[in-house]
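Engineer:
Right, here's the structure in full:
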């Protein structure tokens with residue numbers, strides 16, 4: 078497994094990102110500092126900062142601006158999680174209690190807003206208008222995606238809307254993590270485009286594997302009930318693949334109609350696991366990763382490029 | 078009354094700001110467009126855009142960038158109101174139902190986030206890193222102020238914390254509305270500082286008068302129960318002034334301790350109105366306005382400068 082090695086070339090900078098993120102509550106209310114500390118301690122492997130730092134280092138960007146950008150990206154990600162968990166009423170994330178599990182909705186909304194504000198401040202500190210544009214567009218894309226999901230009918234099973242959703246939810250920020258690093262580096266527009274493709278494709282793969290883990294993961298590891306998306310009427314790629322083969326499955330029909338019973342969910346999880354739908358979803362994730370990896374083929378080999386390739390491979394392997 | 082005349086020099090641009098704000102939902106989910114439309118139709122006199130447009134026009138800024146900045150400022154203001162009303166559970170604002178009165182908390186949180194995102198996008202479109210910095214700092218200040226208020230104990234009566242609160246809540250955005258307009262204009266740092274002072278001082282006055290109106294307004298006009306701040310344990314300037322003269326008032330003590338009865342609130346409103354506390358608060362607002370007006374005295378006279386002076390005067394007169 079390469080779960081750790083791809084961080085190696087940017088280990089020091091990742092620590093700088095961590096410190097920069099924590100310092101964002103300096104001079105503000107102590108409860109904010111506590112909340113930010115809780116959120117940052119709870120988690121995340123910092124794969125988005127790793128993408129930014131590796132891409133920027135590979136392309137010769139100024140280290141300090143890249144650390145600032147990486148912190149902006151991860152703070153934006155953190156802020157969206159805070160509001161997401163509040164909206165979903167999620168009580169745990171990665172095994173730690175969510176902010177809304179401990180705080181009032183009011184404090185949770187405001188903490189999310191504060192982290193958005195600090196993310197924007199960090200993005201502005203890259204001193205690049207182009208990065209700032211990309212950053213605010215990405216935030217619009219992410220939030221619009223959540224709104225589309227909120228207002229779309231339960232159980233709408235549609236491959237096109239699935240791709241749109243995972244782009245908005247996940248791939249758009251990986252795309253920005255990679256391409257904004259290129260924008261801050263002395264490279265051509267073509268290279269920025271290469272990095273944009275790399276980020277988008279591995280981001281799509283990342284979310285597909287997340288959706289697979291929702292069916293295959295150990296419940297204790299995932300930290301939420303299996304098939305949590307399906308329970309909410311959200312049809313992800315494994316379920317889409319299954320539906321293509323078994324369009325009339327009565328358990329699926331019941332769940333999509335909102336009639337959820339545990340035996341029914343358990344039967345369906347088993348059926349999806351056995352149907353090849355999971356395998357086909359993973360193959361598709363591998364295709365996304367391949368396109369991301371191929372995009373980098375024209376760039377000269379170096380330690381960071383290899384790490385970006387390893388990171389891309391990790392994105393599909395992590396489910397195994 | 079000069080309630081209308083100060084808009085005159087920038088009437089066309091205010092309409093452009095309005096159109097630009099409404100266009101921010103283009104290409105996004107239709108429910109978002111409906112929400113934004115509702116919010117923008119419901120209100121506001123657009124005094125913040127007026128400050129930006131008048132200041133920028135006076136100082137020779139490019140009209141298009143000023144319209145963009147003014148839209149960014151008003152969108153930021155709108156987003157904070159959406160989350161505020163959700164947090165306070167407010168059902169009406171300016172006589173119109175709030176978003177949270179009609180929508181789920183989830184949709185309301187996300188709509189606020191979307192408007193923040195579009196405000197940031199508009200701020201980035203001014204193509205000024207300095208404006209972007211100011212913009213994101215102001216958002217941090219506003220949100221931090223709300224968090225301080227949320228976590229501060231009920232009934233803490235303190236003049237210093239009051240000034241800090243109204244700066245964060247209101248004056249900081251007026252300060253940015255005025256100074257960012259100067260930043261986008263071909264003027265010296267001294268002039269930017271003059272506009273910063275003007276914006277901050279009239280912003281302080283604006284909030285003091287808002288707080289006065291909470292005691293003196295007609296309930297139908299204000300759109301919420303009188304003394305709504307005090308009912309929530311929030312001690313504003315009229316109450317602070319009253320407390321200085323009547324520190325032992327039993328009705329005040331009861332309300333600050335959280336024991337709220339209508340007869341007690343009614344007695345206290347009457348007592349505050351008769352005590353001179355309102356008048357002293359208004360005199361203080363006038364002093365803030367005077368400092369704001371004085372700041373402009375070194376700038377050459379012109380239609381826009383006169384409008385900014387009128388606008389400042391209006392900020393205290395509007396209670397009468």
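Residue numbers (the working numbering), protein chains in the order written: chain A, 78 to 397; chain B, 78 to 397.
By construction, the Cβ of each residue, glycine as well, lies at the ideal position given by its N, Cα and C atoms.
#1: When you compare each of 236/A, 222/A and 94/A to residue 249/A by their alpha carbons, which one comes out closest?
#2: Answer yes or no: do residue 282/B and residue 384/B have a C-beta to C-beta separation smaller than 7 angstroms?
#3: Once you ignore the five residues that flank residue 359/B on each side, which residues in its own chain have a CB closer than 8 angstroms to its CB?
#4: Threshold first: 3 residues or longer. Then list the beta strand (DSSP E) segments lying entirely within the segment 90-120 of chain A, N to C.
#5: When DSSP builds the beta bridges, which residues end up paired with residue 170/A?
#6: With DSSP run on the structure shown, which of helix, strand or coil describes residue 127/B?
#7: Residue 78/A by DSSP, collapsed to three states: which one?
#8: For a contact meaning CB atoms closer than 7 angstroms, what does residue 186/B contact in chain A?
#9: Hey, does residue 272/B have any beta-carbon neighbour from chain A nearer than 7 angstroms?
#10: Thinking C-beta only, is residue 254/A closer than 7 angstroms to residue 164/B?
#11: What does the alpha-carbon distance come out to for the pair residue 306/B and residue 339/B?
#12: Determine the burial state of residue 88/A: buried for a count of at least 16 other Cβ atoms within 10 Å of its Cβ, exposed for fewer.
#13: Evaluate residue 129/B with the Cβ neighbour count: other Cβ atoms within 10 Å of its Cβ, from every protein chain shown; 16 or more gives buried, anything less gives exposed.
#14: Measure the alpha-carbon distance for residue 327/B versus residue 341/B and round it to whole angstroms.
#15: If you follow the alpha helix (DSSP H) that residue 401/B is in, where does it begin and where does it stop?
#16: Just to confirm the assignment, what range does the alpha helix (DSSP H) spanning residue 303/B have?
#17: Taking its Cβ as the centre, do 16 or more other Cβ atoms sit within 10 Å of residue 94/B, making it buried, or is it exposed?
#18: Between which two residues does the alpha helix (DSSP H) harbouring residue 34/A extend?
#19: Is there a Cβ of chain A sitting closer than 7 angstroms to that of residue 204/B, yes or no?
#20: Let me know if residue 278/B comes out buried or exposed under the rule of 16 or more other beta-carbons within 10 Å of its beta-carbon.
#21: Mind listing which residues of the segment 98-110 of chain B have their C-beta closer than 8 angstroms to chain A's C-betas, in chain order?
#22: Residue 220/A touches chain B at which residues, Cβ-Cβ below 8 angstroms?
#23: For residue 359/B, would you say it is in contact with chain A, using Cβ-to-Cβ distances shorter than 7 angstroms as the test?
#24: Taking a cut of 7 angstroms between CB atoms, which residues from the segment 221-245 of chain B lie near chain A?
#25: Give the straight-line distance between the Cα atoms of residue 293/B and residue 316/B, rounded to the nearest whole angstrom.
#26: Residue 259/A and residue 132/A look like a contact to me (Cβ under 8 angstroms); what is the Cβ gap, rounded to whole Å?
#27: Residue 216/A CB to nearest chain B CB: under 7 angstroms?
#28: Can you list, in chain order, the residues of its chain with a C-beta nearer than 8 angstroms to that of residue 271/A? Leave out the 5 residues immediately preceding and following it.
#29: In or out: residue 102/A buried (at least 16 other Cβ within 10 Å) or exposed?
#30: Please name the residue, chosen from 344/A, 275/A and 251/A, that lies closest to residue 149/A on a Cα-to-Cα basis.
#31: Could you check what DSSP says for residue 238/B in three-state terms: helix, strand or coil?
#32: Can you give me the Cβ contacts of residue 400/B inside the same chain, cut-off strictly under 6 angstroms, excluding the 5 residues immediately before and after it?
#33: At a cut of 8 angstroms, does the segment 227-242 of chain B reach the segment 171-178 of chain B through at least three beta carbon pairs?
#34: Compute the Euclidean distance between the alpha carbons of residue 332/A and residue 310/A, then round it to the nearest angstrom.
#35: If residue 127/B and residue 83/B are in contact, beta carbons under 8 angstroms, what's the gap, nearest whole angstrom?
#36: Would you mind telling me which residues of chain A sit closer than 8 angstroms to residue 210/B, beta carbon to beta carbon, in chain order?
Structural biologist: For this structure:
#1: In terms of Cα proximity to residue 249/A, the closest of 236/A, 222/A and 94/A is 222/A.
#2: By the CB criterion at 7 angstroms, residue 282/B and residue 384/B fall outside the cutoff.
#3: 285, 286, 289, 393 and 396.
#4: Taking 3 residues as the shortest admissible run, the segment 90-120 of chain A contains no complete beta strand (DSSP E) segment at all.
#5: Here residue 170/A is bridged, per DSSP, to 173/A.
#6: Three-state DSSP puts residue 127/B in a helix.
#7: Unreliable positioning characterises residue 78/A in this predicted model, as indicated by a pLDDT of 44, which lies under 50. The coordinate reading is nonetheless provided below. Three-state DSSP puts residue 78/A in coil, outside helix and strand.
#8: Listed along the chain, the chain A residues whose CB falls inside 7 angstroms of the CB of residue 186/B are 160, 163, 164 and 186.
#9: False, the Cβ-Cβ gap to chain A never drops below 7 angstroms.
#10: Not closer than 7 angstroms, so no.
#11: Between the alpha carbons of residue 306/B and residue 339/B lies a gap of roughly 14 angstroms.
#12: Residue 88/A comes out exposed.
#13: The residue is buried, with at least 16 neighbouring Cβ atoms inside 10 Å.
#14: For residue 327/B and residue 341/B, the distance between alpha carbons rounds to 9 angstroms.
#15: Given a span of 78 to 397 for chain B in the structure shown, any question on residue 401/B remains unanswerable.
#16: First-last for residue 303/B: undefined, no H or E at that position.
#17: It counts as buried.
#18: Outside the shown range of chain A (78 to 397) lies residue 34/A, about which nothing can therefore be said.
#19: So, interface residue.
#20: The residue in question, residue 278/B, is buried, as its Cβ has 16 or more Cβ neighbours within 10 Å.
#21: From the segment 98-110 of chain B, only 105, 106, 108 and 109 have a Cβ closer than 8 angstroms to chain A.
#22: The answer, in chain order, is 187, 190, 191 and 194.
#23: With 7 angstroms as the cut-off, residue 359/B does not count as an interface residue toward chain A.
#24: Those would be 221, 223, 224, 225, 227 and 228, in chain order.
#25: Cα to Cα, the separation comes out at about 12 angstroms.
#26: So it is a contact: roughly 6 angstroms between Cβ atoms.
#27: Residue contact check for residue 216/A against chain B: a CB pair falls below 7 angstroms.
#28: Here the set comprises 259, 372, 373, 375 and 376.
#29: So residue 102/A counts as buried.
#30: Ranked by Cα distance from residue 149/A, the first of 344/A, 275/A and 251/A is 251/A.
#31: The three-state secondary structure of residue 238/B, taken from DSSP, is helix.
#32: Because chain B is modelled from 78 through 397, residue 400/B falls outside the range shown and cannot be assessed.
#33: The segment 227-242 of chain B, when compared against the segment 171-178 of chain B, does not touch it at the 8 angstroms Cβ threshold.
#34: So the alpha carbons of these two residues sit roughly 7 angstroms apart.
#35: Contact between residue 127/B and residue 83/B holds: their C-beta atoms lie close to 7 angstroms from each other, under 8 angstroms.
#36: Neighbourhood of residue 210/B in chain A, by CB distance below 8 angstroms: 198, 201 and 202, in chain order.
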